[in-house]
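Take the position in the sequence shown, starting the count at 1, then add 6; the result is the number in this note's numbering. The C-beta atom is built at its ideal place from N, Cα and C for all residues, glycine as well.
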Amino acid sequence: MSKTPLTPVLMADERFRILAELVDERFGNIDLSALLVYLIDTVHESALPHLAEQFHVMGFEGWELARSAEERRALIHNAIELHRYKGTPWAIEQILVTLGMTGVVSEWFEYGGSPYRFRLDIDLSGRGVNADEYACLEALILKYKNKRSRLEALTMSATVRSPIPTFATAVSAGEIVTVYPCSVSELDQMNPLPRIGIGHWGVETVTVYPDSVSALDQMNPLPRIGIGHWGVETVSVYPCTA
């Protein structure tokens, strides 16, 4: 039976009952989720530019610096709140976070500058910007700052973390010195009287260790490969033989 409501007059007409069943069959299987455009996390990517224009975040207000669909969705998500606090340091810092950057605003009274000036330090680690994006970034700051304030300094920094391993080498060397005591090969006794003597025999082992490095710190992320040499030298020193 058709789910489409019909008036009693139409229900009595078989043609309209068949038409109602066809309507249920055709239109009941249509996926209406595509019409839910304000579900920003699930809406098709092709609808994002239209939503960005509607929420007023196109161009230099964020869209030009958004590199991925995730950043564009986040920009649209935060659009209302960004416009609500537009003209504050929070808005500048938040739009940078939305676009995958980190920024810190320093107002003039925090560093002893001229009134109504501010500085902005941006961390570009893991992102970076090209010449075109740098121009967009300056325009973005002008869009979100208040009208009376002037950007006095823009500082950008980036930290590169490389997964490439760094190789280091060390040199290990050793020396063994053996000193034998004086050795008497012949003893001639010219005097028949007995003589009593005392002798001393000793052995000294000298071990010289090389300078020991407990840790090697590599500040350069580029790989460096070195070659080490390990050697052992044995020296035997014999005294003069009488």
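inquiry  = If you reduce the DSSP assignment to three classes, tell me which class V135 lands in.
reply    = The residue labelled residue 135 in the question sits at position 129 within the sequence shown. Coil, per DSSP.
task = Kindly indicate the opening and closing residues of the beta strand (DSSP E) around I24.
result = Working through the sequence shown from its first residue, we reach residue 24 at position 18. Segment E20 to G34 is the alpha helix (DSSP H) holding I24; no beta strand (DSSP E) there.
inquiry  = According to DSSP, simplified to helix, strand and coil, what is M17?
reply    = Residue mapping note: residue 17 aligns to position 11 of the sequence shown, counting from 1. Helix at M17.
ask   = Buried or exposed: which applies to F61, given that a residue is buried once 16 or more other Cβ atoms fall within 10 Å of its Cβ?
value = For the purposes of this step, residue 61 is identified with residue 55 of the sequence shown, where counting begins at 1. Flag for F61 reads buried.
task = Report the rounded CA-to-CA distance for Y122 versus L148, giving the unit in angstroms.
result = The count along the sequence shown starts at 1 and reaches residue 122 at position 116. The count along the sequence shown starts at 1 and reaches residue 148 at position 142. Y122 and L148: Cα-Cα distance of roughly 14 Å.
task = In the DSSP assignment, find the beta strand (DSSP E) that holds V111 and state where it starts and stops.
result = Taking the first residue of the sequence shown as 1, we reach residue 111 at position 105. Element bounds for V111: T108 to E113.
inquiry  = Assuming the contact rule is C-beta atoms closer than 8 Å, I86 and L146 should be a hit. Round their C-beta distance to whole Å, please.
reply    = Within the sequence shown, residue 86 is the residue found at index 80, counting from 1. Within the sequence shown, residue 146 is the residue found at index 140, counting from 1. Actually they are not in contact, since the Cβ atoms of I86 and L146 sit about 18 Å apart, beyond 8 Å.
query = Rounded C-beta distance between A164 and S131? I'm assuming under 8 Å.
reply = To locate residue 164, count along the sequence shown from 1; it is residue 158. To locate residue 131, count along the sequence shown from 1; it is residue 125. Approximately 5 Å separates the beta-carbon atoms of A164 and S131; this is inside 8 Å, confirming the contact.
query = Helix, strand or coil: how does DSSP classify F124 here?
reply = To locate residue 124, count along the sequence shown from 1; it is residue 118. Reduced to three states, the DSSP call for F124 is strand.
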